[in-house]
């Protein structure tokens, strides 16, 4: 599975679970591809 497809699936799962998901970070080097949060939980 490509990294692009995997990120799409992760974003879909997070949105379905009620998380607010950031836009993708496309800068290199990077530590995170995206950030998600719900209530007081930050992933």
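Residue numbers (full-length UniProt numbering): 1 to 43.
For each residue, glycine too, the CB sits at the ideal point set by N, CA and C.
Item	Value
Neighbourhood of residue 1 by C-beta, 6 Å cutoff - its chain only, sequence neighbours within 5 removed	none
Extent of the continuous beta strand (DSSP E) to which residue 5 belongs	Segment 3-16 is the alpha helix (DSSP H) holding residue 5; no beta strand (DSSP E) there.
Beta-carbon contacts of residue 7 that lie in its chain and below 8 Å, excluding the five residues immediately before and after	24, 33 and 34
Per DSSP, cross-strand counterpart(s) of residue 20	37
Beta-carbon contacts of residue 39 that lie in its chain and below 7 Å, excluding the five residues immediately before and after	none
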